[in-house]
Amino acid sequence: MSSPVIQTSHLDFSFNSSGKTLDNVNLHVPQGSIYGFLGPNGAGKTTTLRLLLGLLRIQKGGIEVFGKNFLQQRISILKRIGSLIEQPSLYGHLTAKENLEIYRLIYSCNKERISEVLHIVGLENTGTKKAKQFSLGMKQRLSIAIALLNEPELLVLDEPTNGLDPNGIIETRELIKKLNKEHNTTILVSSHILNEVERMATHVGIIHKGKMLFQGTLNELQQMKSGKAALEIETSDNIKSIQLLHQKFDAQQENGKIILPFRDKQQSAVVNKLLVENGIDVYTLYPQHNDLEQLFVDITSSN
Amino acid sequence: MSFVTSIRAESIKVKRSSAFWLSLLGAAFIPFIFLLMYFFKPGVFVPNLGNDPWRSHILHGWQALSIFLLPMFVILTCSLITQIEFKNNTWKQVYSSPQTLGHVFFSKLFVIHCMILFCFLLFNIFLIGSGILANLLNRKYTFFSSPVDWEMLLRTNFKSYISVLGISGIQYWLSLRFKNFIASIGIGLALLITALILMNWEHIYKVPHAFPLLTFDAVFKKRHRLLENHEWNSIAYFIAFTVLAFFDTKYRKERG
Numbered sequence: 006m007s008s009p010v011i012q013t014s015h016l017d018f019s020f021n022s023s024g025k026t027l028d029n030v031n032l033h034v035p036q037g038s039i040y041g042f043l044g045p046n047g048a049g050k051t052t053t054l055r056l057l058l059g060l061l062r063i064q065k066g067g068i069e070v071f072g073k074n075f076l077q078q079r080i081s082i083l084k085r086i087g088s089l090i091e092q093p094s095l096y097g098h099l100t101a102k103e104n105l106e107i108y109r110l111i112y113s114c115n116k117e118r119i120s121e122v123l124h125i126v127g128l129e130n131t132g133t134k135k136a137k138q139f140s141l142g143m144k145q146r147l148s149i150a151i152a153l154l155n156e157p158e159l160l161v162l163d164e165p166t167n168g169l170d171p172n173g174i175i176e177t178r179e180l181i182k183k184l185n186k187e188h189n190t191t192i193l194v195s196s197h198i199l200n201e202v203e204r205m206a207t208h209v210g211i212i213h214k215g216k217m218l219f220q221g222t223l224n225e226l227q228q229m230k231s232g233k234a235a236l237e238i239e240t241s242d243n244i245k246s247i248q249l250l251h252q253k254f255d256a257q258q259e260n261g262k263i264i265l266p267f268r269d270k271q272q273s274a275v276v277n278k279l280l281v282e283n284g285i286d287v288y289t290l291y292p293q294h295n296d297l298e299q300l301f302v303d304i305t306s307s308n
Numbered sequence: 250m251s252f253v254t255s256i257r258a259e260s261i262k263v264k265r266s267s268a269f270w271l272s273l274l275g276a277a278f279i280p281f282i283f284l285l286m287y288f289f290k291p292g293v294f295v296p297n298l299g300n301d302p303w304r305s306h307i308l309h310g311w312q313a314l315s316i317f318l319l320p321m322f323v324i325l326t327c328s329l330i331t332q333i334e335f336k337n338n339t340w341k342q343v344y345s346s347p348q349t350l351g352h353v354f355f356s357k358l359f360v361i362h363c364m365i366l367f368c369f370l371l372f373n374i375f376l377i378g379s380g381i382l383a384n385l386l387n388r389k390y391t392f393f394s395s396p397v398d399w400e401m402l403l404r405t406n407f408k409s410y411i412s413v414l415g416i417s418g419i420q421y422w423l424s425l426r427f428k429n430f431i432a433s434i435g436i437g438l439a440l441l442i443t444a445l446i447l448m449n450w451e452h453i454y455k456v457p458h459a460f461p462l463l464t465f466d467a468v469f470k471k472r473h474r475l476l477e478n479h480e481w482n483s484i485a486y487f488i489a490f491t492v493l494a495f496f497d498t499k500y501r502k503e504r505g
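Just so you know, the sequences run in chain order A and B. Quick note on my numbering: the first sequence kicks off at 6 and runs consecutively. Quick note on my numbering: the second sequence kicks off at 250 and runs consecutively.
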């Protein structure tokens with residue numbers, strides 16, 4: 006798990022002179038991992054992935070994939086990668102099989118591989134239907150099929166669940182996990198949804214405004230999050246509540262709500278019982294929703 | 250991976266594409282119009298075609314083609330073939346596949362020239378076919394009793410192909426440069442109209458979009474040089490713009 010499949014060093018990139026899109030990005034994707042590359046839209050995720058695939062010219066810094074310098078061994082590296090960048094890349098006037106045939110030739114795969122990948126993504130029965138007539142979900146699955154053609158050791162997926170319905174999202178997630186488990190494929194998957202990354206990733210990198218804010222295992226991220234979590238309470242008498250809670254917790258009033266550091270579920274029960282027994286009505290009581298936005302605030306403040 | 254594989258992959262993309270249909274329809278258009286004219290106006294065309302109907306038929310066909318349709322066909326084909334990637338958002342998949350830039354660039358150029366040659370081949374077949382069909386429909390025509398001047402036909406094809414090389418180099422570069430096909434087609438059309446306006450200019454042999462018509466003129470006037478000056482220029486333009494387009498693509502900051 007330790008040796009990196011992707012290692013970038015001090016990667017900088019700017020589209021124009023007005024500012025850096027990427028600023029000193031040191032990505033470290035361990036072998037056999039599902040690396041969730043997390044960040045809001047415009048954070049630099051796609052730019053990083055495009056640099057990794059040679060779609061953008063490296064301006065500063067270096068990229069090593071499979072331990073080789075990307076610029077020097079581009080072709081031999083790309084032979085071992087499957088990718089899906091942004092929206093599906095398909096020839097609308099061709100069928101699913103014809104789309105796959107183009108890349109089967111390029112990757113020099115067996116003819117049987119086309120049926121295999123169509124089976125993996127569940128598109129065996131599209132027959133003579135043209136790709137432009139496919140639903141977005143089908144297009145996305147066919148794009149994944151193309152990415153899987155060469156049995157890649159590394160799969161680079163840029164927001165693969167974008168625009169998919171809940172069922173499609175679950176299927177894609179399960180497919181990613183399956184590929185990782187059964188074929189030991191290293192998967193670099195970008196997303197702007199924290200929850201989604203948490204459900205499948207083993208490792209996480211968080212990028213914001215072109216800078217890496219966090220990089221580590223999912224456990225490390227969750228530990229950091231729990232240290233930052235807070236319990237939010239609304240009551241009929243906040244002043245009296247704070248006086249009561251101060252005996253056991255570090256409670257403070259913020260915007261008409263009481264905030265105190267969240268430890269576990271039992272703590273919520275203790276707090277609720279204490280307030281109710283003292284004649285205070287509790288309207289709401291919940292751990293603060295730990296979304297990506299909150300996570301950024303937490304990480305930025307801790308930095 | 251070999252260059253041949255890249256060409257095979259490229260040729261799948263042309264299947265059922267607009268570029269394919271353009272070749273077919275572009276090649277059939279003039280012979281079809283001629284057939285209609287021969288069928289409905291035998292009183293005019295039987296005497297007009299005279300004793301050597303094939304020569305007159307073939308020369309008129311190539312004249313109609315060379316003035317506008319042939320350069321326009323090359324302009325459209327270059328744009329349509331590259332638009333397959335732009336329209337489908339597939340450049341990124343092409344450039345992140347294990348192919349050298351040279352293979353990607355030249356296989357597409359190769360396919361463009363295959364489409365041009367395919368159109369030439371179809372045009373000849375349709376042109377001769379329209380003569381035969383006209384004679385079948387109206388026995389007064391003398392196509393059956395006259396020989397086809399194959400040598401002239403081959404020479405016209407060869408020289409016309411050389412004459413469009415320059416346009417193809419320029420248009421391929423423009424088509425790769427601009428994502429919006431209106432830009433490459435618009436510039437091509439403007440250059441073609443300019444060339445037609447400048448036809449009597451003493452330096453017209455340096456204006457690439459005029460070359461097909463200049464070639465027709467040379468064939469018509471029975472000049473027998475292997476290549477005219479403007480045809481040499483066409484080859485030079487082709488090489489210069491192909492090299493320019495290749496390096497322009499190679500050193501572009503962003504691909505796909």
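For glycine and all other residues, C-beta sits at the position ideal for the given N, C-alpha and C. Please read these numbers as outputs of a predicted model, since none were measured by experiment.
Alpha carbon of A:Leu325 to alpha carbon of A:Leu57, nearest angstrom: What the structure shows of chain A is the stretch from 6 to 308, and residue 325 of chain A is not part of that stretch, so it cannot be assessed.
Members of the region 468-487 of chain B near chain A, C-beta cut-off 7 angstroms: none
Short Cβ contact (9 angstroms threshold) for A:Ala48 with A:His197: The residue labelled residue 48 of chain A in the question sits at position 43 within the first sequence. The residue labelled residue 197 of chain A in the question sits at position 192 within the first sequence. For A:Ala48 and A:His197, yes; Cβs fall inside 9 angstroms.
Under 8 angstroms (Cβ pairs) to chain B, residues found in the region 83-116 of chain A: Leu83, Lys84, Ile86, Ser88, Ile90, Glu91, Gln92, Pro93, Ser94, Leu95, Tyr96, Gly97, His98, Leu99, Glu103, Glu106, Ile107, Tyr108, Leu110, Ile111, Tyr112, Ser113
Three-pair Cβ contact test at 8 angstroms for the region 380-396 of chain B versus the region 338-358 of chain B: no
B:Leu475, DSSP secondary structure in three states: Mapped onto the second sequence, residue 475 of chain B falls at position 226. Reduced to three states, the DSSP call for B:Leu475 is coil.
Secondary structure of A:Met229, DSSP reduced to three states: The residue you call residue 229 of chain A lines up with position 224 of the first sequence. Helix.
Contained alpha helix (DSSP H) runs [length at least 4] in the region 126-201 of chain A, N- to C-terminal order: 141-153, 171-188
Boundaries (first-last residue) of the alpha helix (DSSP H) holding B:Gly275: Stepping through the second sequence from its first residue, residue 275 of chain B is reached at position 26. First-last of the alpha helix (DSSP H) with B:Gly275: 267-289.
Interface residues of chain B facing A:Arg62 [CB-CB closer than 7 angstroms]: As a working note, residue 62 of chain A is residue 57 in the first sequence. Residues of chain B passing the Cβ test: Lys502.
Secondary structure of A:Thr4, DSSP reduced to three states: What is shown of chain A runs 6 to 308, which leaves residue 4 of chain A out entirely.
The region 7-24 of chain A contacting the region 112-132 of chain A, beta-carbon criterion three pairs below 8 angstroms: no
Burial state of A:Met6 (16 or more Cβ within 10 Å): Within the first sequence, numbered from 1, the residue matching residue 6 of chain A stands at position 1. For A:Met6, the predicted structure reports a pLDDT of 47, less than 50, and the residue's modelled location is therefore unreliable. A value from the coordinates is still provided. A:Met6 should be labelled exposed.
Under the three-state DSSP convention, the category B:Pro461 falls into: Within the second sequence, residue 461 of chain B is the residue found at index 212, counting from 1. Residue state, collapsed to three classes: helix.
CB contact below 9 angstroms: A:Ser273 versus chain B: Your numbering for residue 273 of chain A matches position 268 in the first sequence. It does not; no Cβ of chain B falls within 9 angstroms.
Cβ-Cβ separation, B:Val456 to B:Leu462 (assumed contact under 8 angstroms), whole Å: Locating residue 462 of chain B in the second sequence gives position 213, counting from the first residue. Locating residue 456 of chain B in the second sequence gives position 207, counting from the first residue. About 10 angstroms separates the two Cβ atoms, so there is no contact after all.
Closest Cα partner of A:Lys73 within the set A:Gly44, A:Asn243, A:Ile11, A:Phe254: In the first sequence, the residue the question calls residue 73 of chain A occupies position 68. It is A:Ile11 whose Cα lies nearest to the Cα of A:Lys73.
Within 7 angstroms of chain B by C-beta, residues of the region 46-74 of chain A in sequence order: Leu58, Gly59, Leu60, Leu61, Arg62
Straight-line Cα distance separating A:Asn115 from B:Phe392: In the second sequence, the residue the question calls residue 392 of chain B occupies position 143. In the first sequence, the residue the question calls residue 115 of chain A occupies position 110. B:Phe392 and A:Asn115: Cα-Cα distance of roughly 53 angstroms.
Pairwise C-alpha distance: B:Arg304 and A:Leu141: Residue numbering aside, residue 141 of chain A sits at position 136 when the first sequence is read from its first letter. Residue numbering aside, residue 304 of chain B sits at position 55 when the second sequence is read from its first letter. Spanning the two alpha carbons is a distance of roughly 56 angstroms.
DSSP state of A:Asn277 mapped onto helix, strand, coil: Position 272 of the first sequence, counted from the first residue, corresponds to residue 277 of chain A. Residue state, collapsed to three classes: helix.
Enclosing alpha helix (DSSP H) for B:Val343 [first to last residue]: As a first step, residue 343 of chain B must be located in the second sequence, where it is residue number 94. Note, B:Val343: alpha helix (DSSP H), 340-344.
From A:Ala150, A:Lys137, A:Thr133, residue whose alpha carbon lies closest to that of A:Ile119: On the first sequence, position 114 is the one that residue 119 of chain A refers to. Checked all of A:Ala150, A:Lys137, A:Thr133; the closest Cα to A:Ile119 is A:Ala150.
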